[in-house]
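Since the structure comes first, as structure tokens, the remarks are kept for the end.
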Ligand code: SAM
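Residue numbers (the working numbering): 1381 to 1861.
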């Protein structure tokens, strides 16, 4: 099951192919959403030009970077604990420098230097191109900070190095920042205003990935359906664009079409879709292109109209159902997943029941479910009291998770007896004898290896399942090889 925030990879030390020509050692650890992991690949690319090789051995690093997440308090606590560990290592290696990157850097800015005595450098998500200068500062013994948010930066001109890659699937960022201002969410404050990346640079990156042997890309953004390229600049300034810019603008449906046509054997995924930004033409382009996968991650956060309004989610429960109905009508076998928040301020038992009944209507394939965590500076933190007792939040979250597990099983059971195309990603975590891959709906499929290889598209007959995994038997290569 793909996770928006994948617990299994949180904090992994990322590593690229070793080059003996690079004299200094970089240890980079990433937390949070896939965009952060993708950003770490941009950082490693920038630093490779500065003479840094990646290492997985913390003790031998010259520079330790931690790419952080602020989305919930727990994510920040985890990073603070890691900084304590780095402190212990720094005692035996005083030359080692420590930098904090990403959302926590942006949220806390130079406060981090004062609070965490071992931090030498604080760099926000739009300032990575300044890293070479900042590193020179810290090499000279000064502390360095750059947390300026940009109107333009998309890193479209940087070729990310793929860290810890399986060589088969890759992530490609298409937008940065977010303008949606959901009241619970810290992202607009840590990642700035929304801007889109030049479509040609996206197509070029996808083509390069194909040439390197990759078979699947996920186009990444906080709200991908809101993608809009009109020559650069913030999404909010589009109204002021010239007529020529508007006439040649590229929206998300068009971008996906460009990518799908440029690499017709490559699987295309995308994440995340905000229901308020998703339009019918996006669903129609999915149906029109075989290589765009039948899977939509469509967070709703709550099933109650009152709570959706308080969250500033700009759609109602009824509109969400209409969107779901349209998806099911246009792409009948489309998998849909959710993000849900339990215990938002003011949530009554009735609101919680609305969430459960919404889930009953949709019967999501997977879900990512969280207890509400108040984030400083957000609209909710400023205007609403975090008034749901912890135990109630946890009980409601448990009920949501239990229902999701029931629906996940129902969904996976529906695959039994079918033959599905699976893209092989690597060995199954549980058995060296089995491959692990995914079907178009993004469900994990495990099957005996035989002579197949990672990167192969294999037709697999599904014979059994758990709520998260399909088990099958290969019956031959698909015609996509
Ligand atoms: N941009 C996407 C959207 O708006 O749907 C996802 C953003 S966030 C990286 C991923 C998920 O974290 C959200 O969909 C939400 O469920 C959860 N989340 C965000 N802020 C939260 C908070 N303050 N407390 C609990 N969960 C939160």
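We put the beta carbon where it would ideally sit given N, CA and C, even for glycine. Quantities reported herein were computed from a predicted structural model and do not represent experimental measurements.
Proximity of residue i and residue j at Cβ, strictly below 8 Å
{"i": "residue 1500", "j": "residue 1518", "result": "yes"}
{"i": "residue 1827", "j": "residue 1858", "result": "no"}
{"i": "residue 1414", "j": "residue 1442", "result": "no"}
{"i": "residue 1766", "j": "residue 1779", "result": "no"}
{"i": "residue 1418", "j": "residue 1540", "result": "yes"}
{"i": "residue 1511", "j": "residue 1502", "result": "no"}
{"i": "residue 1790", "j": "residue 1596", "result": "no"}
{"i": "residue 1855", "j": "residue 1843", "result": "no"}
{"i": "residue 1422", "j": "residue 1466", "result": "no"}
{"i": "residue 1633", "j": "residue 1662", "result": "yes"}
{"i": "residue 1943", "j": "residue 1600", "result": "Past the edges of the chain, shown from 1381 to 1861, lies residue 1943, and the structure says nothing about it."}
{"i": "residue 1660", "j": "residue 1631", "result": "no"}
{"i": "residue 1653", "j": "residue 1687", "result": "no"}
{"i": "residue 1607", "j": "residue 1635", "result": "yes"}
{"i": "residue 1862", "j": "residue 1752", "result": "Because the chain in this structure spans residues 1381 to 1861, residue 1862 falls outside the shown range and cannot be described."}
N-terminal and C-terminal residue of the beta strand (DSSP E) that residue i is part of
{"i": "residue 1543", "result": "From DSSP, residue 1543 is part of no beta strand (DSSP E); its letter is neither H nor E."}
{"i": "residue 1716", "result": "1715-1722"}
{"i": "residue 1554", "result": "Counting along the chain, residue 1554 falls outside any beta strand (DSSP E), and DSSP gives it neither H nor E."}
{"i": "residue 1434", "result": "1432-1434"}
{"i": "residue 1676", "result": "1675-1677"}
Residue i, enclosing alpha helix (DSSP H) - first and last residue
{"i": "residue 1461", "result": "1453-1472"}
{"i": "residue 1697", "result": "1697-1710"}
{"i": "residue 1581", "result": "1579-1591"}
{"i": "residue 1739", "result": "1729-1742"}
{"i": "residue 1770", "result": "1770-1793"}
{"i": "residue 1343", "result": "Nothing about residue 1343 can be read from this structure; the chain reaches only from 1381 to 1861."}
{"i": "residue 1564", "result": "Residue 1564 -> no alpha helix (DSSP H), and no H or E assigned at all."}
{"i": "residue 1763", "result": "1759-1763"}
{"i": "residue 1685", "result": "1685-1690"}
Identified DSSP bridge partners for residue i
{"i": "residue 1845", "result": "1850"}
{"i": "residue 1596", "result": "1549, 1647"}
{"i": "residue 1640", "result": "Bridge partners of residue 1640: none, in fact."}
{"i": "residue 1669", "result": "According to DSSP, residue 1669 bridges with nothing at all."}
{"i": "residue 1447", "result": "1410, 1481"}
{"i": "residue 1626", "result": "According to DSSP, residue 1626 bridges with nothing at all."}
{"i": "residue 1751", "result": "1722"}
{"i": "residue 1611", "result": "Paired residues: none, contrary to the question."}
{"i": "residue 1857", "result": "1838"}
{"i": "residue 1632", "result": "In DSSP, residue 1632 forms no bridge with anything."}
{"i": "residue 1424", "result": "In DSSP, residue 1424 forms no bridge with anything."}
{"i": "residue 1681", "result": "1720"}
### Task
Spell out a yes or no on whether the stretch 1708-1716 and the stretch 1770-1777 are touching, meaning 3 or more CB-CB pairs, one atom from each, closer than 8 Å.
no
### alpha helix (DSSP H) runs contained entirely in the stretch 1477-1542, provided each spans 4 or more residues
Runs found: 1483-1488, 1491-1495, 1511-1519.
### Query
Whole beta strand (DSSP E) runs in the stretch 1801-1840 with 3 or more residues, listed along the chain?
1814-1818, 1824-1828
### Task
For the stretch 1474-1489 and the stretch 1443-1456, state whether three or more C-beta atom pairs, one from each stretch, are separated by less than 8 Å.
Short answer: they touch.
#### Entry: Cβ contact check for the stretch 1540-1558 and the stretch 1572-1589: 3 or more pairs under 8 Å
With the cut-off at 8 Å, the stretch 1540-1558 and the stretch 1572-1589 touch.
### Query
Do three or more CB pairs link the stretch 1403-1414 to the stretch 1427-1440 at distances below 8 Å?
Yes, they touch.
#### Entry: Touching by the beta-carbon criterion (3+ pairs, under 8 Å), the stretch 1607-1621 and the stretch 1675-1683
no
### Query
Does the stretch 1609-1619 come close enough to the stretch 1636-1647 to have 3 or more Cβ pairs within less than 8 Å?
In this structure the stretch 1609-1619 does not lie against the stretch 1636-1647, because fewer than three pairs of beta carbons, one per stretch, are closer than 8 Å.
### Task
Count the CB pairs spanning the stretch 1816-1823 and the stretch 1658-1668 that are closer than 8 Å, and state whether there are at least three.
no
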